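Step one of this worksheet: look at the structure below.
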Amino acid sequence: MSAAKWIPGDDELDGLARTLPAAEPATDRAEQNRTRMLAGAASVPQYTRSSWMPFVAAGLSLAAAAATIVWFVGRREESAGVAVTAPAARETIVASNGGRFDRVATWPDYQVRVHGGRVSFDVGPVHSSERFRVFTADSEIEVRGTRFIVEAEQDRLVMVLVEDGAVEIRLPVHEPVTVRAGERWSPPRTAQLDEVAPTPLASSDPAAAAPVVVPPAAPAVPSRKSPTKPKIATSVKESAEPTPRETTATTRKPAISVEPVTPTPVPVKPSEAEFRRGWMLLRAGDAGGASQAFAKACSDATADAREDACYWTGVAAKRAGKTTTARDSLAKFITSFPSSARAGEAAALLGWLLYDGGDLDGAERRFRTAANDRVPTVRESAERGLTAIEQRRKTP
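When you read off a place in the sequence shown, starting at 1, and then add 5, the result is the number in the numbering used here.
Here it is in structure tokens:
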């Protein structure tokens, strides 16, 4: 009986192969291989100079190389933590210093809610049928393509700095304020005139303040009577060692000086006082009292905040459970301000009140109006209302 034949396994063969020395062809053998390859290449058909195949091959090679470079550069930027903005993006929003914000809605009615910290915006051109707005709990900022910074604290606006373009700031009890490039604005702490003061954009360090604009001196023409030192040397000396007069001009007033005006208190209208009282009561949880205060402000046709007061009259009444007052107030608001930015939201609220009261036809009309609103959340509420009406009508 013969012994079993030993057959090595794959692992054993692999380990043995790794121990063998690498074979290096002799010089004459390598020359024979080269000659055979050249001889075989002679039998391959060659393209003529007029053929387009070489150009196609070259184009494909260049395209592949470009794609590889783009991919490699993109990977390097991602690994380095560089923020890459898509070419199609029309807005860039960057938070810093503890900035917190939420994107509430996208185009065509782009809305951002800033909660705190610093948030920088770079917005491209906004078409006439579009809007870009930034909200805090006490303000609304609308732009038409600009670069600006918003600072907030506890959902309250602290500062707006415009680097390019212009923005319009709306507060509940104040006229809209337009802030342009190079200006910084902060909401007034008391009932005083709003001030918009120019501010340097490059740095907040007083030592790095913008240089003073000095009227150009007359051309340096050599005097016929007594030659003086070149004007350039004098300018260098003055810029290196500013005189006390220059230092005062740099730190105390801009190049074009304007006599400072001390802001005087603005007399508060009774309607504005009622509007403020309504907000205080609403924040304190007294929705019924807030609704009454808002209604008084709404009744003043000359009030700056009449539109907002009429809207919040209905909202506060709804929160207080005063259904009839809420329905009447919201219907009055929609009739008085049909082009208001809150018209769709008011229509949706009124639709739900009518739905709860059993007026399905009236609710459907309001929901269909709100379904065309620019704000996605309003449209979603209207769609839910229309679905609820359809289901209730099917129920016997």
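All C-beta atoms in this analysis are idealised placements derived from N, C-alpha and C, irrespective of residue type, glycine included. Computed from a predicted model, the values in this text were never measured in an experiment.
Considering only residues of the same chain and omitting the five flanking positions on each side of T141, which have a CB-CB separation below 7 Å? V119, A157, D160, R161 and L162
Quickly, what does DSSP pair D107 with across the bridge? List them, please. R118
Might you give, ordered along the chain, the residues of its own chain that have their beta carbon closer than 6 Å to the beta carbon of E279, omitting 5 neighbours on each side? A298, K301 and A302
Element boundaries [beta strand (DSSP E), containing R288]: Element bounds for R288: not the beta strand (DSSP E) but the alpha helix (DSSP H), P275 to R288.
When the Cα atoms are used, what is the spatial distance from A186 to P130? 16 Å
Per the contact definition of three or more C-beta pairs closer than 8 Å, is the region 374-381 in contact with the region 165-181? no
Quick one: residues in its chain with C-beta nearer than 8 Å to the C-beta of R123, no 5 flanking neighbours on either side, listed in chain order? A100, S101, N102, G103, G104, I154, V155 and E156
Applying the 10 Å Cβ sphere with the 16-neighbour rule, what's the burial state of A289? exposed
Run through the DSSP bridge pairs and tell me what A157 is partnered with. G122 and L162
What are the boundary residues of the beta strand (DSSP E) that includes A171? A171 to R175
Work out the CA separation of D169 and D366 for me, nearest whole Å. 49 Å
Pairwise C-alpha distance: F126 and T97: 6 Å
Between the Cα of G294 and the Cα atoms of R311, T307 and G319, which residue gives the shortest distance? G319
Which residues does DSSP pair with T183 in a beta bridge? E173
What does the alpha-carbon distance come out to for the pair I174 and L166? 11 Å
If we ignore side chains and look at the alpha-carbon of each, how far apart do A387 and Q396 end up? 14 Å
Return the CA-CA distance between L287 and D107, expressed in angstroms with no decimal places. 24 Å
Output the distance between the C-alpha atoms of S345 and P401, rounded to the nearest integer angstrom. 39 Å
Are the CB atoms of V172 and I146 nearer to each other than 8 Å? yes
Would DSSP call T374 helix, strand or coil? helix
Report all residues from its chain with a CB closer than 6 Å to the CB of F372; omit the five preceding and five following residues, and keep chain order. G356, A387, G390 and L391
Considering only DSSP beta bridges, list what T307 is partnered with. Beta-bridge pairing links T307 to no other residue.
Endpoints, beta strand (DSSP E) assigned at F338: Careful: F338 lies outside any beta strand (DSSP E), inside the alpha helix (DSSP H) at T328 to S341.
Thinking just about the alpha-carbon of each residue, which of S144, T328 and R332 is nearest to the one in M164? S144
Nonlocal neighbours in the same chain, by C-beta distance under 6 Å from G349, ignoring five residues either side: A375, D378 and V383
Return the residue from the list R189, T151 and Y316 that minimises the CA-CA distance to T340. Y316
CA-to-CA distance, K399 to T307, given in whole angstroms: 48 Å
For A393 and E369, what's the separation of their Cα atoms in angstroms? 10 Å
Quick check on DSSP: helix, strand or coil for R379? coil
Is the separation between the beta-carbon of S304 and that of A322 shorter than 8 Å? no
Give the secondary structure of A100 by DSSP, where H, G and I count as helix, E and B as strand, and everything else as coil. strand
For E147, the first and last residue of its enclosing beta strand (DSSP E): S144 to V148
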